[in-house]
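Residue numbers (my numbering): 277 to 542. A virtual CB, placed ideally from N, CA and C, is assigned to each residue, including glycine. These notes concern the structure reproduced below.
Here it is in structure tokens:
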């Protein structure tokens, strides 16, 4: 009887323990489900870690944006964002900053101490590349000009684009109204950067008129009207070319059609 009683007590203790474990699990699940923000934050941090491993700035910025929208930004996320941008700087991956400006802005938007840390570095590096591009043009090293321009840091940079257009003009032979027009269309009339005088000289060049008296020259130093003027000229030129081609086609079709001496009426 005592054995049976002891056995029953043991079973009761085990069942009570199981009951407590189950209660604790239910309580833990209830606490976790009552704090969905913590779970979301954990998912965001996991996504940021993966984007960091992949060095994927777009994905990283998307998770930063989600953290901001859900008001889940904490110091850990801020530290991760600062570290992510600093790593790009350490690797001198300036192209990423230039090409993904929107994403960089999003990542920077939560930073406190290191906000826009890349800007002075990017400015200095841009200046160095512009000087390098200028020297390559002076040396007529157009392959180097192309390489610098397409590295990425100078993408959409006004001065780089103007110099690249000028380098293209210098390689165009013989010089022509079209070469001058393309240069004028590519460069903003208010441009004041490197090679400004040389660019104006290229746009207003008249040397090709001797060999092409039918063309026009852009002799104004303010060339904002060039695109429309050139388009008008091309439309007129195309019109005459079309009429000329049609006239030649009509004459060719008429060969053998006109009556000649000796022919009799049908």
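Considering only the alpha carbon of each residue, which of the options lies closest to residue i?
{"i": "residue 399", "options": "440, 373, 409, 416", "result": "373"}
{"i": "residue 253", "options": "484, 379, 367", "result": "Here the chain covers residues 277 to 542 and nothing more, so residue 253 does not appear."}
{"i": "residue 457", "options": "311, 470, 480, 354", "result": "480"}
{"i": "residue 450", "options": "425, 441, 328, 488", "result": "488"}
{"i": "residue 362", "options": "391, 405, 376", "result": "391"}
{"i": "residue 384", "options": "356, 414, 311, 417", "result": "356"}
{"i": "residue 435", "options": "377, 352, 468", "result": "468"}
{"i": "residue 335", "options": "475, 324, 345", "result": "324"}
{"i": "residue 316", "options": "333, 461, 350, 360", "result": "350"}
{"i": "residue 463", "options": "444, 486, 437, 454", "result": "437"}
{"i": "residue 382", "options": "417, 344, 459", "result": "344"}
{"i": "residue 378", "options": "337, 314, 477", "result": "337"}
{"i": "residue 395", "options": "418, 412, 369", "result": "369"}
{"i": "residue 411", "options": "387, 440, 427", "result": "440"}
{"i": "residue 327", "options": "346, 353, 459, 420", "result": "353"}
{"i": "residue 455", "options": "311, 493, 465, 470", "result": "493"}
Give the secondary structure of residue i by DSSP, where H, G and I count as helix, E and B as strand, and everything else as coil.
{"i": "residue 321", "result": "helix"}
{"i": "residue 312", "result": "helix"}
{"i": "residue 288", "result": "Residue placement at residue 288 is poorly supported in this model, since its pLDDT is 48, which falls under 50; the coordinates are not used for a value here."}
{"i": "residue 340", "result": "helix"}
{"i": "residue 450", "result": "coil"}
{"i": "residue 265", "result": "The question about residue 265 has no answer here: the residues shown for the chain are numbered 277 through 542."}
{"i": "residue 468", "result": "coil"}
{"i": "residue 491", "result": "coil"}
{"i": "residue 392", "result": "coil"}
{"i": "residue 302", "result": "Reliability of the predicted coordinates at residue 302 is poor, the pLDDT of 46 falling under 50, and no value is obtained from them."}
{"i": "residue 546", "result": "Given that the chain is displayed from residue 277 to residue 542, the structure contains no residue 546 and the question cannot be resolved."}
{"i": "residue 424", "result": "helix"}
{"i": "residue 486", "result": "coil"}
{"i": "residue 408", "result": "helix"}
{"i": "residue 398", "result": "helix"}
{"i": "residue 387", "result": "coil"}
{"i": "residue 329", "result": "helix"}
{"i": "residue 416", "result": "coil"}
{"i": "residue 481", "result": "coil"}
{"i": "residue 458", "result": "helix"}
{"i": "residue 345", "result": "helix"}
{"i": "residue 429", "result": "coil"}
{"i": "residue 369", "result": "coil"}
{"i": "residue 307", "result": "Interpretation of residue 307 is limited by its pLDDT of 45, a score under 50 that renders its predicted location unreliable; no figure is taken from the coordinates."}
For my contact list, residue i and residue j are in at a C-beta cut-off of 8 Å; report their separation, rounded to the angstrom.
{"i": "residue 342", "j": "residue 321", "result": "Not a contact, Cβ separation roughly 11 Å."}
{"i": "residue 430", "j": "residue 402", "result": "7 Å"}
{"i": "residue 452", "j": "residue 484", "result": "5 Å"}
{"i": "residue 478", "j": "residue 445", "result": "5 Å"}
{"i": "residue 418", "j": "residue 447", "result": "6 Å"}
What residue does the alpha helix (DSSP H) around residue i start on, and which one ends it?
{"i": "residue 463", "result": "Element bounds for residue 463: n/a, residue is neither H nor E."}
{"i": "residue 352", "result": "351-366"}
{"i": "residue 379", "result": "377-384"}
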